[in-house]
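Data first, discussion second: the structure below is written as structure tokens.
Numbering (the numbering used here), first residue to last: 122 to 303.
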């Protein structure tokens with residue numbers, strides 16, 4: 122949820138107060154609740170109080186961005202099936218042998234128009250770059266050469282899981298991944 126969402130609800134509260142629909146204490150209460158809202162569900166009761174049983178939404182909610190640091194579990198939704206397919210392709214194209222090139226293609230092709238595709242393409246690209254880097258580093262040791270197949274099998278499994286999560290409008294973060302591309 123962004124500050125813009127909060128500000129839109131605050132504007133509705135200010136307008137209702139200016140119309141004399143409630144007193145200063147109620148205004149302060151609603152204003153505080155709107156400014157400290159953490160999710161859209163916190164804003165809806167305020168709008169319900171202002172407009173009754175059919176609340177007026179504070180305009181269209183912009184897509185939530187970022188999976189961020191621990192504690193930030195934002196869920197970004199795809200607007201169309203095409204976006205879900207594009208995001209899934211970012212995870213699954215490496216399985217065709219395109220490795221980091223597949224997610225990069227999806228990032229460049231769909232990342233500018235769809236935040237959903239961009240988020241999944243960046244995550245898949247970072248994972249593929251981490252996987253390639255780990256492969257190069259493991260190749261210089263005997264133990265690493267033995268572990269490489271395990272690493273690549275895990276990469277295939279995680280790519281499939283990421284693709285399925287993207288198709289189902291879910292957020293997905295690859296474990297143990299260096300986030301080189303933002």
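Note that beta-carbon positions come from the ideal geometry of N, C-alpha and C, so glycine has one too.
#### Entry: Cα-Cα separation, residue 276 to residue 152
In the chain shown, the residue the question calls residue 276 occupies position 155. In the chain shown, the residue the question calls residue 152 occupies position 31. The alpha-carbon atoms of residue 276 and residue 152 are separated by roughly 48 Å.
### Query
If we cut at 8 Å on Cβ distances, does residue 284 have a partner in chain D?
Protein chains in the displayed structure number just one, and chain D is not present.
### Query
Where does the unbroken alpha helix (DSSP H) through residue 123 begin, and where does it stop?
Here residue 123 refers to the residue found at position 2 when the chain shown is read from its first residue. Taken as a continuous stretch (DSSP letters only), residue 123 belongs to no alpha helix (DSSP H), as it is neither H nor E.
### Task
Could you check which residue in 149, 295 and 134 has the C-alpha nearest to that of residue 165?
What you label residue 165 is simply residue 44 of the chain shown in a count that begins at 1. The closest CA to that of residue 165, considering only 149, 295 and 134, is found on 134.
#### Entry: Distance between residue 156 and residue 128 (C-alpha atoms, nearest Å)
The residue labelled residue 128 in the question sits at position 7 within the chain shown. The residue labelled residue 156 in the question sits at position 35 within the chain shown. Put simply, the backbone Cα of residue 128 is about 8 Å away from that of residue 156.
### Query
Beta carbon of residue 268, beta carbon of residue 259: below 8 Å?
If you number the chain shown from 1, residue 268 lands on position 147. If you number the chain shown from 1, residue 259 lands on position 138. Yes.
### Query
CA-CA distance, residue 159 and residue 123?
On the chain shown, residue 159 is found 38 positions in, with the first residue counted as 1. On the chain shown, residue 123 is found 2 positions in, with the first residue counted as 1. Cα to Cα, the separation comes out at about 9 Å.
### Task
Would you tell me roughly how many angstroms separate the C-alpha atoms of residue 231 and residue 239, rounded to the nearest one?
Reading the chain shown from its first residue, position 110 is the one you call residue 231. Reading the chain shown from its first residue, position 118 is the one you call residue 239. Spanning the two alpha carbons is a distance of roughly 7 Å.
### Query
Exposed or buried, which one is residue 295 when buried takes at least 16 other CB atoms within 10 Å?
In the chain shown, residue 295 corresponds to position 174, counting from 1. Answer is buried; the Cβ neighbour count reaches 16.
### Task
With distances taken Cα to Cα, identify the nearest neighbour of residue 199 among 288, 216, 217 and 211.
Numbered from its first residue, the chain shown carries residue 199 at position 78. By alpha-carbon distance to residue 199, the top candidate from 288, 216, 217 and 211 is 288.
### Query
Which residue from 142, 244 and 229 puts its Cα closest to that of residue 307?
Not covered by the structure: residue 307. The range shown for the chain is 122 to 303.
### Task
Please name the residue, chosen from 144, 131 and 242, that lies closest to residue 284 on a Cα-to-Cα basis.
Here residue 284 refers to the residue found at position 163 of the chain shown. Among 144, 131 and 242, the Cα nearest to that of residue 284 is on 242.
#### Entry: Exposure label - residue 270; buried when at least 16 CB within 10 Å
Start at 1 with the first residue of the chain shown, and residue 270 comes out as number 149. Classification of residue 270: exposed, given that the 10 Å Cβ count is below 16.
### Query
How about residue 214 and residue 247: are their beta carbons less than 8 Å apart?
On the chain shown, residue 214 is found 93 positions in, with the first residue counted as 1. On the chain shown, residue 247 is found 126 positions in, with the first residue counted as 1. Their beta carbons are not under 8 Å apart, which means residue 214 does not touch residue 247 by this criterion.
### Query
Where do the N-terminal and C-terminal ends of the alpha helix (DSSP H) with residue 237 fall, by residue?
By 1-based counting over the chain shown, the position of residue 237 is 116. Residues 236 to 259.
### Task
Spatial neighbours of residue 216 within its chain, please: CB distance less than 7 Å, with the 5 preceding and 5 following residues excluded, ordered by chain position.
Position 95 of the chain shown, counting from 1, holds the residue named residue 216. Taken in chain order, the residues that qualify are 277 and 280.
### Query
Quick one: what does DSSP say residue 308 is sitting in, helix, strand or coil?
For the chain, the structure presents residues 122 to 303; residue 308 sits outside this window and is missing.
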